[in-house]
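Chemist: The opening residue of the sequence shown carries number 0 in this note's numbering; numbering runs sequentially from there. Just passing along the structure, written as structure tokens.
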Amino acid sequence: MPDQQASLDPAIAARLTRDAAGLVCAVVQDDATGDVLMVGWMDDEALARTLTSGRATYWSRSRQEYWRKGDTSGNVQYVRSVALDCDGDALLVRVHQVGPACHTGARTCFEAGGDLGAVVGVPGESA
Numbered sequence: 000m001p002d003q004q005a006s007l008d009p010a011i012a013a014r015l016t017r018d019a020a021g022l023v024c025a026v027v028q029d030d031a032t033g034d035v036l037m038v039g040w041m042d043d044e045a046l047a048r049t050l051t052s053g054r055a056t057y058w059s060r061s062r063q064e065y066w067r068k069g070d071t072s073g074n075v076q077y078v079r080s081v082a083l084d085c086d087g088d089a090l091l092v093r094v095h096q097v098g099p100a101c102h103t104g105a106r107t108c109f110e111a112g113g114d115l116g117a118v119v120g121v122p123g124e125s126a
């Protein structure tokens, strides 16, 4: 991964609502299928790298370092688009995923985590 820092456009930075650690949630979606692949975290630097490199970069909360998806695993995420939600506290990163998205080897982190068995709501019925 490049050592040089990327600079986030101040107009974009002003629109972000960060958590106490300075991070914004990044929901990662497969551009072709619409499947949600994973959730990561970005600070201004990770977002700037993502917007300017064409590859998804995240901040690892456990390792306290940047990681560009696929640099060690080969499971690269090529950025197709990045959008900000209405509150500025979540990003939608649409990617072309090469290989599995989850570190467990599953196609998505939500397949790896599994269904929790929620009751399915039906429109028109009260709970």
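Glycine included, C-beta positions come from ideal geometry on N, C-alpha and C.
(1) Rounded to whole angstroms, what is the Cα-Cα separation between Q28 and R17?
(2) Return yes when the Cβ of A25 is within less than 8 angstroms of the Cβ of Y57, no when it is not.
(3) Applying the criterion that 16 or more other CB atoms from any shown protein chain within 10 Å of the CB defines a buried residue, is G39 buried or exposed?
(4) Assuming T49 and M41 form a contact by the criterion Cβ under 8 angstroms, report the distance between their Cβ atoms to the nearest whole angstrom.
(5) Taking L46 as the reference, give the member of S59, V35 and L115 with the closest Cα.
(6) If you count every other CB in all the chains shown that lies within 10 Å of the CB of T32, and 16 or more means buried, which is it?
(7) Rounded to a whole number of angstroms, what is the C-alpha to C-alpha distance between R54 and C85?
(8) Taking only the alpha-carbon atoms, compute the straight-line gap between R14 and A117 and give it to the nearest angstrom.
(9) Would you kindly report the start and end of the unbroken alpha helix (DSSP H) that includes A45?
(10) Which whole-angstrom value describes the C-beta separation of N74 and V97, a residue pair presumed to lie in contact below a C-beta threshold of 8 angstroms?
(11) Taking the alpha carbon of S72 as the point to measure from, which residue in P99, S61, R79 and L90 has its own alpha carbon closest?
Modeler: With the structure as the only source:
(1) Distance between the alpha carbons of Q28 and R17: 21 angstroms.
(2) Result yes, Cβ atoms of Y57 and A25 sit closer than 8 angstroms.
(3) buried
(4) 7 angstroms
(5) Here the closest residue by C-alpha is S59.
(6) Classification of T32: exposed, given that the 10 Å Cβ count is below 16.
(7) 24 angstroms
(8) Straight-line Cα distance between these residues: approximately 34 angstroms.
(9) D43 to S52
(10) 6 angstroms
(11) Measuring from the Cα of S72, the nearest candidate turns out to be P99.
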